[in-house]
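Novice: Take the sequence shown: its letter number 54 is residue 38 in this note's numbering, and every next letter is one higher.
I have a structure I would like to understand better, so I am pasting it below and will then ask my questions one at a time.
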Amino acid sequence: MRWFDGWTAARALTIYGQPELLRLWGDINQSWVEDDLPVAERIAAEGRPTGPTFGQLTDLAAQHAGLAKLPKAAKRRETAQVLRNAIECGHVSAVLDLLPGMGEPDKYGMDGNTRTWLALSALRTVAIGVDVDVW
């Protein structure tokens, strides 16, 4: 399966404000895209956001504050989730602050909570808007 045959393409078309292409993608792939169309139309009219909204900043700050209260065993997993949330809303400085708290790959390789994997995820999301290896 090519990456643009899956939902990643619909996500990219949405965040780049391409409602007509999103409709076409939905028709070709026989997929329901009606829930994403208002977002794509808003972005087409207003432009793509360049950073997190006030609400997203507030949520991330609360999540970050909650990390301090967690036991060490749960902290890395929850930090990874906060980091993913920061990636999703484009809060690059939060991503950079949270990355050092993540572990390096171990003898079993990288997983979704590894610093290297999350850094690559952040780069792809910031650069192209979706977390997908396009090569």
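Backbone N, C-alpha and C define an ideal beta-carbon position, used for all residues, glycine too.
1. Go to His48, then tell me how far its alpha helix (DSSP H) extends in each direction, as first and last residue.
2. State the Cα-Cα distance for the pair Lys53 and Glu4, rounded to the nearest angstrom.
3. Relative to the C-alpha of Glu62, which residue among Glu72, Cys73, Gln47, Leu80 is closest?
4. With a threshold of 8 Å, are at least 3 pairs of Cβ atoms found where one atom belongs to the stretch 8 to 17 and the other to the stretch 38 to 46?
5. If we count the other Cβ atoms within 10 Å of its Cβ and call it buried at 16 or more, is Ala57 buried or exposed?
6. Let me confirm a value: Leu(-3) is counted as buried when at least 16 other C-beta atoms fall within 10 Å, else exposed. Which label applies?
Specialist: With the given structure in hand:
1. 38 to 51
2. 46 Å
3. Gln47
4. no
5. exposed
6. buried
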